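The structure under discussion appears below in the form of structure tokens.
Residue numbers (this note's numbering): 529 to 916.
Next comes the structure, spelled out in structure tokens:
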């Protein structure tokens, strides 16, 4: 992941260094700033594609008119680039540059061409227009601040509150949501003037004429058209396997080593199996958590034996990360990283696994999160069948 930041406050000196430093953990490989027309852009880079300095951000177009800060990965960026290469001169192999020239060529319509996870901002210095957008499912975070005088955006809330002029007033209704739902759905955050840019939304802003109320626009809706209702189970199973295989293949695109979360459950095991099918000779590095001894005290179910069975069956390497006894010490770190209240302790395991993976040289881990959400695997989904 990378970290992006921007602030437009033409009459106020801003502390961009402090804001971008607060998200340095998102991108330890490089940092960059750009100031133009009252707008400051900042970036922290985690280099995944094109590890050379050519991937530095903020990245400028060849004529210097456009600047981009970007966090994410565009899985089909080579396909998009193929349609641009006759018109633009590329200096890198990064998807950042593909996205930049894709926007210059297609405008906001480029969003409908992107297959990936992303949050980005592109600034047109000639027209003084800023465009920010978030991926279709909201995998990459993006927050923005607007109080009528200062506009800012960042990958994390903590970057925004580093700005001295930011109003840190709280939003009581967000805390009511936390108490009811254990999270705050929609745009609301704990801070009155900080909003989430929702999944599949963008903001296009003329910076010198910012309106009192900002209105993000939606560019994508998940299609539920019923096309699959009358197909056979065998046909649907074959199509699902093909789609999953292509999804895993796209996400293996990387100039650095790729590893996997492996719990031994259906979701993560399936992804590792598909990666093994794509590259039979590769012994993928997998990571799992050992919660042995915590089951009775915390209600955990240990996945370790299942992860070991899958790793043995698929002939992949398995790194076991011990969750105990120091996991309580990670609570403060987890809360700091997540910015918002969190009712699920699962990020603690993710934090520990990622820490170990990074120490072993892995910047990219693929996991099976959201499988149960997509395929109704939770008990709450099953309970819906019993509703009258």
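Idealized CB from N, CA, C, for every residue including glycine.
These numbers were taken from a predicted model, which means no experiment stands behind them.
C-alpha distance - residue i paired with residue j, whole-angstrom precision
i: residue 720; j: residue 675; result: 9 Å
i: residue 729; j: residue 812; result: 35 Å
i: residue 785; j: residue 887; result: 13 Å
i: residue 707; j: residue 882; result: 29 Å
i: residue 819; j: residue 557; result: 32 Å
i: residue 547; j: residue 687; result: 4 Å
i: residue 530; j: residue 573; result: 5 Å
i: residue 865; j: residue 717; result: 15 Å
i: residue 651; j: residue 657; result: 6 Å
i: residue 879; j: residue 654; result: 42 Å
i: residue 569; j: residue 783; result: 26 Å
i: residue 722; j: residue 841; result: 48 Å
i: residue 724; j: residue 682; result: 10 Å
i: residue 917; j: residue 583; result: The chain is shown from 529 up to 916; residue 917 falls before or after that span and cannot be answered.
i: residue 850; j: residue 889; result: 19 Å
i: residue 602; j: residue 543; result: 31 Å
i: residue 607; j: residue 662; result: 20 Å
i: residue 699; j: residue 535; result: 22 Å
i: residue 642; j: residue 605; result: 8 Å
Selected residue, minimal CA-CA separation from residue i, among the options
i: residue 670; options: 609, 575, 598; result: 598
i: residue 740; options: 771, 551, 884, 678; result: 678
i: residue 839; options: 754, 816, 736, 567; result: 816
i: residue 726; options: 878, 660, 699, 854; result: 660
i: residue 898; options: 558, 796, 873; result: 796
i: residue 553; options: 575, 565, 563; result: 575
i: residue 685; options: 857, 550, 536; result: 550
i: residue 612; options: 912, 601, 629; result: 629
i: residue 901; options: 909, 692, 544; result: 909
i: residue 748; options: 736, 689, 637; result: 637
i: residue 892; options: 779, 876, 732; result: 779
i: residue 792; options: 810, 836, 536; result: 836
i: residue 633; options: 624, 645, 616; result: 616
Host alpha helix (DSSP H) of residue i (start-end)
i: residue 839; result: 832-842
i: residue 657; result: Run containing residue 657: none in the alpha helix (DSSP H); it sits in the beta strand (DSSP E), 657-662.
i: residue 607; result: 605-610
i: residue 600; result: First-last for residue 600: 594-602, but that is the beta strand (DSSP E), not the alpha helix (DSSP H).
i: residue 758; result: Element bounds for residue 758: n/a, residue is neither H nor E.
i: residue 632; result: 623-634
i: residue 810; result: Looking at the DSSP string, residue 810 is not in any alpha helix (DSSP H), and its letter there is neither H nor E.
i: residue 560; result: Looking at the DSSP string, residue 560 is not in any alpha helix (DSSP H); the run it does join, the beta strand (DSSP E), is 558-564.
i: residue 570; result: Run containing residue 570: none in the alpha helix (DSSP H); it sits in the beta strand (DSSP E), 567-573.
i: residue 548; result: 544-549
i: residue 863; result: 859-866
i: residue 902; result: 899-902
Beta carbon proximity, residue i to chain C, threshold 8 Å
i: residue 766; result: Among the chains in the structure shown there is no chain C, since it carries only a single protein chain.
Range covered by the beta strand (DSSP E) that runs through residue i
i: residue 882; result: Unbroken run through residue 882 is the alpha helix (DSSP H), 874-887; no beta strand (DSSP E).
i: residue 533; result: 531-536
i: residue 850; result: 845-850
i: residue 729; result: 729-734
i: residue 724; result: 722-724
i: residue 787; result: 786-789
heavy atom of the ligand GDP below 7 Å from residue i C-beta
i: residue 835; result: This structure lacks the ligand GDP; in fact it carries no ligand of any kind.
Enumerate, from N- to C-terminal direction, the unbroken alpha helix (DSSP H) stretches of 4 or more residues contained entirely within the region 639-714. 685-688, 700-709
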